[in-house]
Amino acid sequence: VDPSREDAPARVAWLRARGIRMLCLFPAMHHVGLDDPRTHAVVEAAAATPGMVVFVHCGVLSVGVRRKLGLASRFDLRLGDPLAVHRLALTFPQVPFLVPHFGAGRLQEALMLADTCSNVYLDTSSSNSWMRYWPGLTLEDVFRAALSVAGPGRLVFGTDSSFFPRGWQQPVYARQAEAMRAAGIGELDAERILAGNFDTLFGPVGVP
4 VDPSREDAPA RVAWLRARGI RMLCLFPAMH HVGLDDPRTH AVVEAAAATP
54 GMVVFVHCGV LSVGVRRKLG LASRFDLRLG DPLAVHRLAL TFPQVPFLVP
104 HFGAGRLQEA LMLADTCSNV YLDTSSSNSW MRYWPGLTLE DVFRAALSVA
154 GPGRLVFGTD SSFFPRGWQQ PVYARQAEAM RAAGIGELDA ERILAGNFDT
204 LFGPVGVP
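This is the structure:
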């Protein structure tokens, strides 16, 4: 949902009526800050629409298909600060907010956000290549840090997909499962991260 569009708040109910349970905000892509009144209006509409989750992409943003085609991506990464989600999460405590890729390079800020807002979830998706900006950091370290702050009930597994028709990525799952074991995450907590927390947010597959 692009908050700069006049019909953006109305689209939230339109999406929910078609069985869609999550709206996605890309502030760096749409050049609309998370503190902008237009973004506030969209999240307010989500709060008024039962069952909606708000996904907010923070940190580094890369669109694989655009890179593959050699197209420029004119994103403003300054708008992707997870701390900018803080006011929205506090204003709408009944709305679950999902920050993908452990903050995509803004790990510290994402952890601060999750620590202060119990309605913020972190997703584990993608190869998490942003770790190259943190020399020496391992995926096991990331899981340990996220678990210590958000706990096993607010981490949501995903593999991500850089472009269609790609989809489920078995190597990403295998690497993350290995990292969880190495981080000392037990079987029950791993099950919550891999499946249970998703079901808590969205309900069983096939339930509108």
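So the number in my numbering is just where the residue sits in the sequence shown, counting from 1, plus 3. Every residue, glycine too, gets a C-beta built ideally from N, C-alpha and C.
#### Entry: Rounded straight-line distance, which links the Cα of E9 to that of R178
Here the question's residue 178 lines up with position 175 in the sequence shown. Here the question's residue 9 lines up with position 6 in the sequence shown. Near 42 Å, if we compare the C-alpha coordinates of E9 and R178.
### Query
Expressed to the nearest angstrom, what Euclidean distance is found between the alpha-carbon atoms of L28 and R14?
Taking the sequence shown and counting its residues from 1, one reaches residue 28 at position 25. Taking the sequence shown and counting its residues from 1, one reaches residue 14 at position 11. C-alpha separation (whole angstroms): 13 Å.
#### Entry: Residues sharing a beta bridge with L272, DSSP
Residue 272 cannot be examined here, being either before or after the span of the chain that is shown, 4 to 211.
### Query
Should G170 be labelled buried (16 or more other beta-carbon atoms within 10 Å of its own) or exposed?
Working through the sequence shown from its first residue, we reach residue 170 at position 167. Burial call: exposed.
### Task
Please classify V159: does DSSP put it in a helix, a strand, or coil?
Working through the sequence shown from its first residue, we reach residue 159 at position 156. It is a strand residue.
### Query
To the nearest angstrom, how far is it from the Cα of W137 to the Cα of A148?
What you label residue 137 is simply residue 134 of the sequence shown in a count that begins at 1. What you label residue 148 is simply residue 145 of the sequence shown in a count that begins at 1. W137 and A148: Cα-Cα distance of roughly 14 Å.
### Query
Got a sec? Which residues, its chain only, sit under 8 Å from H43 by beta carbon, not counting five neighbours each side?
Locating residue 43 in the sequence shown gives position 40, where the first residue counts as 1. These residues qualify, in order along the chain: L91, T94.
### Task
Quickly, what does DSSP pair M134 with across the bridge? List them, please.
Position 131 of the sequence shown, counting from 1, holds the residue named residue 134. None, per the DSSP bridge assignment.
### Task
Apply the 10 Å Cβ neighbour rule to R21 and answer buried if 16 or more other Cβ atoms are within range, or exposed otherwise.
As a first step, residue 21 must be located in the sequence shown, where it is residue number 18. Per the 10 Å Cβ criterion, exposed.
### Query
Tell me which same chain residues have a C-beta within less than 8 Å of the C-beta of L150, skipping the five on either side of it?
As a first step, residue 150 is located in the sequence shown; it is residue number 147 there, counting from the start. Answer for L150: L158, A186, I188, D192, listed in chain order.
### Task
Could you tell me the boundaries of the alpha helix (DSSP H) in which L140 lies?
Taking the sequence shown and counting its residues from 1, one reaches residue 140 at position 137. Run containing L140: none; DSSP gives neither H nor E here.
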